[in-house]
Every structure is written in C-alpha cells, then in structure tokens.
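Let me begin by presenting the structure, written as structure tokens, before commenting on it.
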Amino acid sequence: MFLMNVTPYSDVNRLLNTLLTRMQSILHDKLVGLYLYGSLVTGDFDPVTSVDIDELEFEALKKMHDDLIHKYKTWKDRIEVQYVSLSGLKTFKVQTSKIVNISPGEPIHFIEAGKDWLINWYIVQENGIVLFGPNQASIITKISKDEYINAVKENTLLWSEWIKKYNTQSSRGSLAYVVFTLCRALYGYKHGEEVSKKQAAEWICEEFPQWKSLIQNAVTWRKVQWSNEQKSVGLAISKVNEFVDFSIHQVIK
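Right, here's the structure in full:
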C-alpha cells in the first residue's frame, strides 16, 4: 500500500511508506492498522524534531528500525512508534499488556502498558490519521473526555516526583520537554483536548503571563536540542521546578 502525500513533507512521506512496507513484510496479517498522531497531525512538526509480538518478530522490527536510520540518517533518535495488540487496545483500562515501543532517547524495547497510556490512545482516537487499516474507533475501546482530563490530572501530579531526576546538569532540551509537556497538560485539563506544543505554550503565555519568559527560554532550548550547541540548563532549573509546582496547583485547586 502506498500512502501518497499524507503529510506536507516529502521526506516524511517517504519514511512513512518505507516504514509501512517493512512492517507489513515482518508482521503480515498481524498488522491490523497504522495510525499517525503527534506533531505531524497537530501542526507542530519541526523538520529540524491480539497476539503479542514474539521475540523473532521483535528482532526483525529492531533490524528494520536500524536499517531505516541508515537510510534516513536525519531521523536518528526522532522516530516514535508503538506496536500494541488488538487485545491491549481493548483492555488497557483494566489491565496491562506487553507492547513494543521506540521513542527519542530510547531504543526499541518491550514495556508493559495499561491505563498510563490512555492519553496517547485518546489522541489517536480523536486526531489520529489512518495510514493503514480500519478506523481507529473500531479497535480502541472508547475513551471519554472526562477520562482524558482525569488522566491528564494524574500525570501532572506525577511530575512532583518525575522532576527530581533533573538537575543543573540536565540538558536544556530535556527541560524544554518538561515545560512544553506541562503547557499541553494544563491546556488539556482546561479544554479537554490535545493541541500542539506551540498552541499550548501560546495559551499559557496569554493566560498566565508570569511564565512567558520561561516559555520563551524553552523555545530557544528546544531549537538546539538536536545540535552540538546544546548546554546544561544550569540555574534555570529552579524556574522549571516552580513551573512544575504551579502546574500541579492548577489541577488540584
């Protein structure tokens, strides 16, 4: 199956077509569908950012992803894909299932995924683009807006612990991720929908102008996150910590 021009970017379209073709050659009838979500759907893309898979298939997928990076070198550490079973998409609210995940900074590996992935599946449910297979609504158990908002709240509260792994030596790009993730969380909690990082950051600047300076810094940090110019965040970590505390307060007040 050829996807044609599903995005405005010719290099992305070539990558998606190669990815789908190679997935089909490995998984055959096990590949029920492939859905595009994230920055390419929300408009925030920056060209500069029921049977589980068995071990043999995993090794084949790993080799396929390694080969892709040799062919598309600019996509190293920038591809994010989840391989999840039909059963997992039907039962994630009540139990975990084994999925295969690859994301920036993480090699392809098995993880257990359950309700903690509800936000991701909600985004696919609401905004995902079908690249192959049936409409996503037919294979993902229905997620309500209230369930999404509650999951956003729970994830935001977890940042009180997650932020502890960052310090003055952490990269600016990693702290930009924290800032933009919380911008999207606060927007999602308030409006019940996912928007791009840029839209969420602009909303925060308008709604809470006291954070405009931090967000402008995060924009700069994000621009160099894939370059050799990236530096540690230094004392700016204190402002990020304050933003974490502020975000938590917004979802519990």
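Just so it is clear: in the sequence shown, position 224 is 1474 by the working numbering, and no numbers are missing. Ideal Cβ positions, reconstructed from N, Cα and C, are used throughout, including at glycine. Bear in mind the structure is a predicted one, so any value in this text is a computation, not a measurement.
Of the residues assessed, Ile1349 falls on the buried side of the cut-off, its CB having 16 or more other CB atoms within 10 angstroms.
Looking from the CA of Gly1355, the closest CA among Lys1280, Ser1424 and Leu1381 belongs to Ser1424.
The three-state reading of DSSP puts Lys1348 in strand, counting E and B together. Sixteen is the threshold: since fewer than 16 other Cβ atoms of the shown chains lie within 10 Å of the Cβ of Gln1345, the residue is exposed. In terms of CA proximity to Asn1370, Asn1351 leads the group Val1429, Lys1415, Pro1357 and Asn1351. Scanning the segment 1363–1421 from its first residue to its last, the whole alpha helix (DSSP H) runs of 4-plus residues come out as 1368–1377 and 1395–1412.
Less than 7 Å divides the Cβ of Asp1294 from the Cβ of Lys1448.
Around the beta carbon of Ser1388, a 10 Å sphere encloses fewer than 16 other beta carbons of the protein chains shown; the residue is thus reported as exposed. In this structure, DSSP gives Glu1356 an extended state, which the three-state scheme calls strand. Phe1308 and Tyr1333 have their C-alpha atoms roughly 10 Å apart. As DSSP reads the structure, Gln1332 sits in a beta bridge with Asn1351. Beyond the five residues adjoining it in sequence on each side, Thr1431 comes within less than 7 Å, by CB distance, of no other residue in the same chain. For Leu1265, the enclosing alpha helix (DSSP H) has its first and last residue at Ser1260 to Leu1277. At a Cβ-Cβ threshold of 7 Å, Ile1361 and Leu1311 do not count as neighbours. The beta carbon of Asn1491 is closer than 8 Å to those of Ile1413 in its chain, skipping five residues each way along the sequence. In the DSSP secondary-structure assignment, Tyr1285 is bridged to Val1380. Assignment of Ile1361 by DSSP, reduced to helix, strand and coil, places it in the strand class.
Where Asn1255 is concerned, there is no enclosing alpha helix (DSSP H), because DSSP gives it neither an H nor an E. If you draw a straight line from the Cα of Val1429 to the Cα of Pro1459, it is about 14 Å long. Non-local beta-carbon contacts of Ala1426 in its own chain, meaning distances under 6 Å to residues more than five positions away in sequence, involve Ala1468, Trp1471 and Arg1472 in chain order.
Ala1450 and Leu1436 have their C-alpha atoms roughly 8 Å apart.
Leaving aside the five residues that flank Tyr1439 on each side, the residues in its chain whose CB is nearer than 8 Å to its CB run, in chain order, Ile1399, Val1402, Lys1403, Thr1406, Gln1500 and Val1501. Distance from the CA atom of Gln1274 to the CA atom of Phe1493, rounded to whole angstroms, is 44 Å.
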